[in-house]
Structure formats: C-alpha cells, structure tokens
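S.K.:
Residue numbers (our numbering): 139 to 264.
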C-alpha cells in the first residue's frame, strides 16, 4: 500500500524557524490523521510514503520506501551542483520527523535503518 500525504497540514510541521521538537507534535498529529483515512490504518502495512513539498516557490516530492529502506527527493529540475543547497533544511526536518514517527509506531528496526540513510536525488524529465 502507498500512503500519499497532503501538503496542507504537513507544511506547518516543517517550519525551519521553529524547533524540531515543537513541530514534531504537528507532524505526528497530521500523520495519524492521514493514516486513519486509509483502510489498514497501520504503518506496518504501508510500503511507500509520499510527501509533496512546496517551498521556495517550487514543488518536489520526498518518497520513503519502507519495504526496501530508502528515501528519495524527486524533482523536475536538473541540479548541476550540490542539490542540498536547493532544498534548505526542509528535507532534514522531514527526515527527523519521519524517523521518530516510524519508531513511535513500533517499527524500531526500520527507524534505526532510516536514521542512517541519506537521500537520493532523482531528476525527472517532465
């Protein structure tokens, strides 16, 4: 199963001007709400989680693969330089929140694996 998150409530949990500990509460609440709208309602049954991000007047997608642990930033703009500079702190805040959420949902081993992962940057020709 794939879990497609929404930009609406998620964006408030990725505020770079607030402490991560404070914004995690918002993230957790929004994730619980989104997960409750799916038939299984359990993160254990989810293979992939998609987070659409809108920042700096640009959309991109962060995808977590729970079945085969990895995470990717998918973008339609080809980045010739270090892609980290284009996305700022948002992917790191999202990653921190997601790892903590996975652990809170009882998937400790997956949480430990994800904590160590670095994102792959995929450029998509649209």
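Where a beta carbon is used, it is the ideal one built from N, C-alpha and C, also for glycine.
#1: Opposite residue 143 in the DSSP bridges: which residues?
#2: I need the straight-line Cα distance from residue 225 to residue 159, nearest angstrom please.
#3: How about residue 140 and residue 186: are their beta carbons less than 8 Å apart?
#4: Out of 148, 234 and 233, which has the shortest C-alpha to C-alpha gap to residue 190?
#5: In whole angstroms, what is the alpha-carbon distance linking residue 164 and residue 261?
M.R.: If we stick to the structure as given:
#1: The count along the chain shown starts at 1 and reaches residue 143 at position 5. Looking at the DSSP output, residue 143 bridges to nothing.
#2: The count along the chain shown starts at 1 and reaches residue 225 at position 87. The count along the chain shown starts at 1 and reaches residue 159 at position 21. Cα to Cα, residue 225 sits roughly 21 Å from residue 159.
#3: Position 2 of the chain shown holds residue 140. Position 48 of the chain shown holds residue 186. With respect to the 8 Å criterion, residue 140 and residue 186 are classified as neighbours on the basis of their beta carbons.
#4: On the chain shown, position 52 is the one that residue 190 refers to. Selected option, being the one with the closest Cα: 148.
#5: Locating residue 164 in the chain shown gives position 26, counting from the first residue. Locating residue 261 in the chain shown gives position 123, counting from the first residue. Roughly 30 Å separates the two Cα atoms.
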